[in-house]
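Report on one structure; see the data block that follows.
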Amino acid sequence: MSDDKIIFNGVSMTRDWPQRIKEAQEIVSVRIEENIYPRVKFGEEKRDWGAERVACRDCGVVKGQFHVPNCDVEQCPKCGGQLISCDCGDAEAV
Ligand SMILES: [Zn+2]
Ligand SMILES: [Zn+2]
Numbered sequence: 767m768s769d770d771k772i773i774f775n776g777v778s779m780t781r782d783w784p785q786r787i788k789e790a791q792e793i794v795s796v797r798i799e800e801n802i803y804p805r806v807k808f809g810e811e812k813r814d815w816g817a818e819r820v821a822c823r824d825c826g827v828v829k830g831q832f833h834v835p836n837c838d839v840e841q842c843p844k845c846g847g848q849l850i851s852c853d854c855g856d857a858e859a860v
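Right, dumping it as structure tokens:
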């Protein structure tokens, strides 16, 4: 694996990342404990990340796309917090 970077959606990322973005769009919901929640798309967060103007600063998706899993901008659909750090437990792709 080379660590060459490319620019995609205006964000510097590794060459395999556009494929990860593509795959992420197929994960439309997550299971948190016993419940299934629809994922929060970039631009639908309570916090304004500037989705109208820029791609996600962490994973490079554009407004209306799902974040790449483990993106630190993705909002937890259960509590509204940061998905990777909130206390809801693991969010499993379903
Ligand atoms: Zn993201
Ligand atoms: Zn949560």
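First residue of the sequence shown? That's 767 in the numbering used here, and the numbers climb one at a time after it. All C-beta atoms in this analysis are idealised placements derived from N, C-alpha and C, irrespective of residue type, glycine included.
Unbroken beta strand (DSSP E) run spanning residue i, endpoints
| i | result |
| --- | --- |
| residue 840 | Where residue 840 is concerned, there is no enclosing beta strand (DSSP E), given that its DSSP letter is neither H nor E. |
| residue 778 | 777 to 780 |
| residue 797 | 795 to 798 |
Cα-Cα separation between residue i and residue j, rounded to whole angstroms
| i | j | result |
| --- | --- | --- |
| residue 802 | residue 823 | 27 Å |
Residue i: CB within 7 Å of a non-hydrogen atom of ligand 2
| i | result |
| --- | --- |
| residue 812 | no |
| residue 852 | yes |
Contact test: residue i Cβ vs ligand 1 heavy atom, cutoff 7 Å
| i | result |
| --- | --- |
| residue 834 | yes |
| residue 824 | yes |
| residue 792 | no |
| residue 842 | no |
| residue 839 | yes |
Delimiting residues of the alpha helix (DSSP H) encompassing residue i
| i | result |
| --- | --- |
| residue 786 | 783 to 790 |
### Message
With three or more beta-carbon pairs closer than 8 Å as the criterion, would you say the stretch 805 to 814 touches the stretch 768 to 783?
### Response
no
### Task
Evaluate contact between the stretch 838 to 855 and the stretch 775 to 788, counting only Cβ atoms and requiring at least three cross-stretch pairs below 8 Å.
no
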